[in-house]
Amino acid sequence: MTNNKEAEIDSRDLRRAFGHFATGVTVVTTLDTSGAPCGFTANSFTSVSIDPPLLLVNIARSAYGCDAFTGSHGFAVNILAANQRDLSNRFARAGADKFADQDWHAEITGSPIIEGVVAWFDCEHFEQVEAGDHIILIGRVVQYAYNTQAPLGFCRGAYVSFGMTPGMLQLVSSPGSLRVGAIIESNGQILLERNHETGQLHLPASDSVGNVATPDSLLGKLASAGIEVDLPFIYAAYHEDSRRFVYYLGELLSIDDAVETSSMRFYEFDNITWEEIGDSAIIAMLERYIREKRLGNYSIYIGDRAQGEVHPA
Ligand SMILES: Cc1cc2nc3c(=O)[nH]c(=O)nc-3n(C[C@H](O)[C@H](O)[C@H](O)COP(=O)(O)O)c2cc1C
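Below, the structure is given as structure tokens:
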């Protein structure tokens with residue numbers, strides 16, 4: 021539907037049109053003048069600047085918490101995880117008392133950082149801009165953190181999850197030993213690691229995703245080989261008895277020369293010798309990846325080692 025004459029703009033329809041922009045979901049928090057925590061659900065979050073580090077979020081002038089936000093020392097933006105829909109709903113209801121039974125802690129500005137979120141940004145006020153029926157709160161980031169959980173999405177008035185089927189969530193969070201790996205590509209080449217004892221090649225993997233500071237974790241192992249990655253999507257999740265395997269589609273952020281001297285190396289798609297990989301599940305995954313990359317259309321495998329379903333991403 022088109023609607024382009026300002027005089028004729030129907031506000032409900034405009035809201036619906038804006039809602040076609042798929043976003044994440046945040047809960048924006050602050051402390052009011054009495055020191056009580058307050059917050060609201062917002063999807064108007066946008067990164068603004070790296071230097072200085074700025075972000076923005078819009079608050080409706082009509083919001084119960086508007087004065088608390090404009091008069092505070094700062095605010096925090098909490099980016100919700102896929103399993104935090106209830107939290108989003110609670111903070112989207114007008115009024116106080118949204119923090120009952122909610123775990124949170126403060127960092128620098130005192131604004132509540134909510135437990136279990138995918139990322140958070142603690143901000144000092146940088147500027148406030150009046151814009152129609154909203155106020156744009158521009159914050160200067162003074163502290164932040166993030167992790168590799170799946171984020172909650174929102175589009176056309178409904179929550180969406182980025183490729184996480186319920187079956188996959190169950191598999192990822194069920195008990196049993198876990199192997200976490202990643203497909204990481206650079207210019208048509210895939211990162212593989214050679215096991216010097218068996219001589220076999222495999223995808224970089226570990227027992228946990230971890231972070232760059234934990235050497236045995238996947239991210240730690242990659243970091244010590246000079247490779248920095250983001251792991252935004254799960255590409256395959258399967259089990260074999262009580263062992264669970266989760267493989268991410270990694271995005272290469274940076275790479276230094278160390279990779280040349282480590283047991284990891286990038287291999288041209290066409291030069292991969294499947295016998296050197298050996299593991300039939302990994303071969304099937306890589307063959308699917310190479311096929312899907314050519315088509316530019318990825319899917320997600322979920323099931324057990326030998327049999328499963330492929331869902332569109
Ligand atoms: C997904 C979602 C996104 C929202 N985004 C915003 C937003 O960006 N800005 C805003 O002012 N309200 C937004 N809202 C509505 C507020 O969360 C809602 O009006 C809330 O009641 C405000 O809290 P308060 O009145 O207690 O301050 C959003 C609601 C939902 C469910």
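21 is the number of the first residue of the sequence shown in my numbering; add one for each residue after it. C-beta: ideal position from N, C-alpha, C; glycine also.
Test item: CB-CB of V161 and I128 under 8 Å: no
T61 Cβ short of 7 Å to ligand 3 heavy atom set: No copy of ligand 3 appears in this structure; the ligands present are ligand 1.
Touching by the beta-carbon criterion (3+ pairs, under 8 Å), the segment 223-232 and the segment 132-145: no
Which of helix, strand or coil DSSP assigns to T293: coil
Exposure of P235, with buried meaning 16 or more beta-carbon neighbours within 10 Å: exposed
Alpha helix (DSSP H) runs wholly inside the segment 243-271, at least 4 long, in chain order: none
Given 8 Å, three or more beta-carbon pairs between the segment 114-128 and the segment 149-160: no
Three-state secondary structure (DSSP) of L221: strand
Cβ neighbours of A256 in the same chain (closer than 6 Å, five flanking residues each side left out): Y267, M305, Y321
Member of S69, E260, T50 whose CA lies at the smallest distance from the CA of S92: T50
E127 - containing alpha helix (DSSP H), residue span: From DSSP, E127 is part of no alpha helix (DSSP H); its letter is neither H nor E.
Buried/exposed call for F116, threshold 16 Cβ in 10 Å: According to the sequence displayed, residue 116 carries Ala and not Phe. With fewer than 16 Cβ atoms within 10 Å of its Cβ, A116 is classed as exposed.
Nearest neighbour of V200, chosen from V149, T293, D324, F265 [CA to CA]: F265
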